[in-house]
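Colleague: Have a look at this one before I ask anything.
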Amino acid sequence: MPYHILIVDDNERSLYMLQMLLQGHNYKVTSAGNGVEALAAARNNPPDMIITDILMPVMDGFALCHQWMDDSQLKDIPFVFYTATYTDSKDENFALTLGATRFIRKPMEPDLLIKEVQKIFKEHRTGQKITSTNSVEKEAIYLKEYNQALVRKLEDKM
């Protein structure tokens, strides 16, 4: 049975391209346009992996990851950021602090992206995954770093 990957992006062209790439390598793909849709889809039919953009309306990727890691049904599923907007090393560190499995910058050569997906599944199967723990301190760090990431992005646009 093929692995099921949930992909999340508000850009329909990016979503389509990623879907075609993954389906072309025999992955079952479900898609969502924002974090709220992704959480609903995942809770209804949990995927084997999620690949998400960060900058999206309604609920962005950082907030999605935060809620994903707080959900006992979803937190052990590999969570991958695939972004062209948040590319700073501080953004990557924040993503990994939230519990993301990988932080991949767009664009990435299709063959390399598929190899990365395969590597993540292999690591997950062999137990080489990062498990997150929830605490008041982690929540405070999330809020602080999330706000800093938003400020950096707004400053870049000025």
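The numbering used here runs 2 ahead of the 1-based position in the sequence shown.
Don't be surprised by glycine CBs; every beta carbon is placed ideally from N, CA and C.
All of these numbers come straight from a predicted model, not from anything done at the bench.
1) Could you give the C-beta distance for leucine 98 and leucine 66, rounded to a whole number, given that I count them as a contact under 8 angstroms?
2) Taking C-beta to C-beta, are proline 59 and histidine 126 nearer than 8 angstroms?
3) Could you name the residues that DSSP lists as bridge partners for serine 33?
4) Look at tyrosine 84 and methionine 51 and say whether their C-beta atoms are less than 8 angstroms apart.
5) Can the beta-carbon of leucine 57 be found closer than 8 angstroms to that of tyrosine 18?
6) Thinking aspartate 12 and asparagine 36 are a contact (beta carbons under 8 angstroms), I'd like their distance in whole angstroms, please.
7) Return the residue from the list Lys124, Asn46, Ile116 that minimises the CA-CA distance to glutamine 21.
8) So is proline 49 buried or exposed if we call it buried at 16+ other beta carbons inside 10 Å?
9) Going by C-alpha distance, which of Ile9, Lys92, Thr54 is nearest alanine 151?
10) For lysine 30, which residues in the same chain have their Cβ closer than 6 angstroms to its Cβ, ignoring the five residues on either side in sequence?
11) Our contact map puts valine 1 next to threonine 103 with C-beta atoms below 8 angstroms; I'd like the distance itself, whole angstroms only.
12) With DSSP as the reference, please indicate the residues paired to tyrosine 84 in a beta bridge.
13) I need the straight-line Cα distance from asparagine 149 to methionine 110, nearest angstrom please.
14) Between which two residues does the alpha helix (DSSP H) containing isoleucine 122 stretch?
15) Which same chain residues, not among the five before or five after isoleucine 132, have their C-beta less than 6 angstroms away from its C-beta?
16) For the beta strand (DSSP E) that contains methionine 51, what are its first and last residues?
Modeller: Considering the structure as presented:
1) Not confirmed; about 15 angstroms, so no contact.
2) no
3) Ile9
4) no
5) no
6) 6 angstroms
7) Ile116
8) buried
9) Lys92
10) Pro4, His6
11) No information on residue 1 is available, as it lies outside the stretch 3 to 160 that the chain covers here.
12) Ile106
13) 27 angstroms
14) 112-127
15) Confidence at isoleucine 132 is low in this model, with a pLDDT of 48, below 50, so its placement is unreliable and no value can be given for it.
16) 51-54
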